[in-house]
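Worksheet: the structure to be examined is printed underneath.
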Amino acid sequence: VAQGLQRIRSGACRAGITALFEVAGRQPGQCQATDLGFVVGPRLNAAGRLDSMSHGIECLLAEDMVTAKAYAEELDALNHERRALQSDMEVQAQAILSGMTLNESNVPKAICLFDKGWHQGVVGIVASRIKEQFHRPVIVFAEGDETTLKGSARSIPGVHIRDVLDRVATANPGLITKFGGHAMAAGLSLPKDSFEVFSSCLIEAVEAMSTPELFQPVVLTDGELSESELSSESANQLEKAGPWGQGFPEPLFQGKFVIRQRRVLKEKHLKLVLTPTHGRQEIDAIVFNTDCDRWPAIGGAFECTYRLSLNRFRGS
Numbered sequence: 001v002a003q004g005l006q007r008i009r010s011g012a013c014r015a016g017i018t019a020l021f022e023v024a025g026r027q028p029g030q031c032q033a034t035d036l037g038f039v040v041g042p043r044l045n046a047a048g049r050l051d052s053m054s055h056g057i058e059c060l061l062a063e064d065m066v067t068a069k070a071y072a073e074e075l076d077a078l079n080h081e082r083r084a085l086q087s088d089m090e091v092q093a094q095a096i097l098s099g100m101t102l103n104e105s106n107v108p109k110a111i112c113l114f115d116k117g118w119h120q121g122v123v124g125i126v127a128s129r130i131k132e133q134f135h136r137p138v139i140v141f142a143e144g145d146e147t148t149l150k151g152s153a154r155s156i157p158g159v160h161i162r163d164v165l166d167r168v169a170t171a172n173p174g175l176i177t178k179f180g181g182h183a184m185a186a187g188l189s190l191p192k193d194s195f196e197v198f199s200s201c202l203i204e205a206v207e208a209m210s211t212p213e214l215f216q217p218v219v220l221t222d223g224e225l226s227e228s229e230l231s232s233e234s235a236n237q238l239e240k241a242g243p244w245g246q247g248f249p250e251p252l253f254q255g256k257f258v259i260r261q262r263r264v265l266k267e268k269h270l271k272l273v274l275t276p277t278h279g280r281q282e283i284d285a286i287v288f289n290t291d292c293d294r295w296p297a298i299g300g301a302f303e304c305t306y307r308l309s310l311n312r313f314r315g316s
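Everything in the sequence shown is counted per full-length UniProt numbering, starting at 1 for the first residue and increasing by one.
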């Protein structure tokens, strides 16, 4: 990964990679590992989710910037479409969940959701969001054809979702048409008229294969930073210590702050200016995909976990 990032920064990469950075308004010369996951990856994946992965392949194989830019713009448009679909589906999913009147004491050990208008290519992302919200295994379904539902599952540590599905399939022959996956994610198909039965069987299987403490979310941090450590120098050191990734996560810190300024962006992101509770230094912060109404008003204090990073925009 480090060598790949170095090649991208130096311009020694495929035209398609450069084009994907350009359509996203990013500078390849300042590429970080997170850009691969949050800039390049989503645009390539959007092709497979909504159309054909061949668009992404052609972009990466393009021999010149003109061709690469055309494919990159197509992928960027597909990614915008994916975002819109995802946003609509998340709103609809929250409406279904609200109708279930869930609270901390009655959340089932697994959650299954379905709507006939949902898109197969986006159900996995929605399942991930709901899993994070409730800390439960979640399966979100969309219509496969007139008689079949196709679902995407996301699980929590300690609940092996593929093994759970295997238990359900073994105990209920014919209930699941096919399935596959691993500990944290899986895909499956089942007859459309079996959704309710499957939901009940899934909850029973998860309960049988888990212990109560698995459903209590735990956040492990690298501790607190002093006010002097909340600096661009520290962020630069952390950046140079990477690349971070699966199995080698970027350091996560905790701290207490007071909100000095706050602004809502696109109805679901929160731009903040903070000071440590026992300090004066102002720090810019942003929270993505949050319920902005749950955050304190200006002058309010709160405790959170966070990551320290450099803020780059248009090459600076």
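C-beta atoms are modelled at their ideal positions from N, C-alpha and C, and glycine is treated no differently.
These numbers were taken from a predicted model, which means no experiment stands behind them.
Buried or exposed by the 16-neighbour rule on C-beta atoms within 10 Å, applied to residue i
i	result
LYS178	exposed
PRO137	buried
VAL164	buried
PRO28	buried
ALA12	exposed
ILE8	buried
ASN79	buried
VAL218	exposed
CYS201	buried
VAL140	buried
PHE257	buried
ASP35	buried
residue 330	The structure shown does not extend to residue 330, since the chain is modelled only from 1 to 316, so the question has no answer here.
ARG26	buried
For residue i, the three-state DSSP class (helix, strand or coil)
i	result
HIS278	coil
GLU303	strand
LYS271	strand
VAL159	coil
ASP291	coil
ARG262	strand
ASP222	coil
ILE8	helix
ASP35	helix
ALA285	strand
SER228	helix
ARG26	coil
LEU214	helix
LEU102	coil
residue 321	A query on residue 321 cannot be resolved here, the shown segment of the chain reaching from 1 to 316 and no further.
LEU44	helix
LEU308	coil
Cα-Cα separation between residue i and residue j, rounded to whole angstroms
i	j	result
HIS119	GLU22	28 Å
ARG43	HIS278	42 Å
ASN311	LEU102	38 Å
ILE161	ALA110	10 Å
ALA19	VAL206	45 Å
MET65	SER98	48 Å
ASP293	ALA301	15 Å
GLY37	ARG14	17 Å
ARG82	ALA142	15 Å
TYR306	LEU75	31 Å
residue 321	GLY56	For residue 321 there is no data in the structure shown, the boundaries of the chain being 1 and 316.
GLN67	LEU61	The residue asked about is misnamed: residue 67 is Thr in this sequence, not Gln. Straight-line Cα distance between these residues: approximately 10 Å.
LEU225	GLY41	31 Å
SER52	ALA24	20 Å
TRP295	SER105	23 Å
LEU214	ALA183	14 Å
residue 318	ASP145	Not covered by the structure: residue 318. The range shown for the chain is 1 to 316.
ILE130	GLN216	15 Å
ALA297	ILE176	48 Å
LYS271	GLU63	40 Å
GLN86	LYS69	25 Å
ASP115	MET89	9 Å
ALA186	ALA153	5 Å
THR221	ALA77	37 Å
ASP166	GLN32	39 Å
LEU149	VAL273	45 Å
ALA46	GLN94	23 Å
VAL1	LEU308	21 Å
GLY180	GLU58	28 Å
Endpoints, the alpha helix (DSSP H) within which residue i is located
i	result
GLU73	65 to 99
VAL40	Segment: none, VAL40 is in no alpha helix (DSSP H) and carries neither H nor E.
VAL23	15 to 23
LEU61	54 to 61
ARG312	Looking at the DSSP string, ARG312 is not in any alpha helix (DSSP H), and its letter there is neither H nor E.
Near the ligand FAD: residue i beta-carbon under 8 Å from a heavy atom
i	result
ALA12	As for the ligand FAD, it is missing from this structure, which has no ligand bound.
Q: Kindly provide the ranges of any alpha helix (DSSP H) runs that are 4 or more residues long and lie completely inside the stretch 232 to 260, ordered along the chain.
A: Fully enclosed alpha helix (DSSP H) runs of no fewer than 4 residues occupy 232 to 241 of the stretch 232 to 260, in order along the chain.
Q. Quick one: complete alpha helix (DSSP H) runs, 4+ long, within the UniProt domain "DHHA1" (111 to 206)?
A. Counting only runs of 4 or more residues that sit fully inside the UniProt domain "DHHA1" (111 to 206), the alpha helix (DSSP H) segments are 123 to 134, 161 to 171, in chain order.
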